[in-house]
Amino acid sequence: MDCRPGCGACCTAPSISSPIPGMPHGKPAGMRCVQLDDDARCRIFGRPERPAVCASLRPSPAMCGDSRAHAMRWLAFMEQATQPSTPR
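10 is the number of the first residue of the sequence shown in my numbering; add one for each residue after it.
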């Protein structure tokens, strides 16, 4: 599956804990990555400085659905579901 033009949900919704050029401490969930250009395309796609977590995320019908809004909801759900549990 190819990325939806103008989407960029996968570069916005998830948190990234590893350094990104221009974001040395990564980024929190919901923040647009500084490497996302005006056309919602990754400026460092395919380059070695792209975080491994970004390279491992692939578009899929389940994740992307039929809209950017669907992708944002799905990725936000996955972000929440994969947070480490806090000790009680």
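Glycine included, C-beta positions come from ideal geometry on N, C-alpha and C.
These figures come from a predicted structure and were not determined experimentally.
Shortest alpha-carbon distance to residue i belongs to which of the options?
i, options, result
"proline 28", "Leu84, Ala49 and Arg59", "Arg59"
"aspartate 48", "Gly15, Gln92, Gly55 and Ala80", "Gly15"
"arginine 82", "Met10, Cys51 and Cys19", "Cys19"
"proline 37", "Arg52, Thr95 and Leu84", "Leu84"
"arginine 50", "Arg13, Pro96, Leu66 and Pro70", "Arg13"
"proline 70", "His79, Cys42 and Ala64", "His79"
Can you tell me whether residue i is buried or exposed? The criterion is at least 16 other CB atoms within 10 Å of its CB, across all chains shown.
i, result
"leucine 91", "Here residue 91 is threonine; the residue named in the question, leucine, does not match the sequence. When all chains shown are included, threonine 91 counts as exposed."
"glutamine 89", "exposed"
Just confirm the distance between the C-beta atoms of residue i and residue j, as a whole number of angstroms; I'd bet it's less than 8 angstroms.
i, j, result
"serine 24", "glycine 35", "7 angstroms"
"cysteine 63", "methionine 10", "In fact, because the Cβ distance is near 16 angstroms, the residues do not count as touching under 8 angstroms."
Tell me the start and end of each unbroken alpha helix (DSSP H) in the stretch 19-68 that is at least 4 residues and wholly inside, in chain order. Taken in chain order, the unbroken stretches of alpha helix (DSSP H) that lie wholly in the stretch 19-68 and span 4 residues or more are 61-65.
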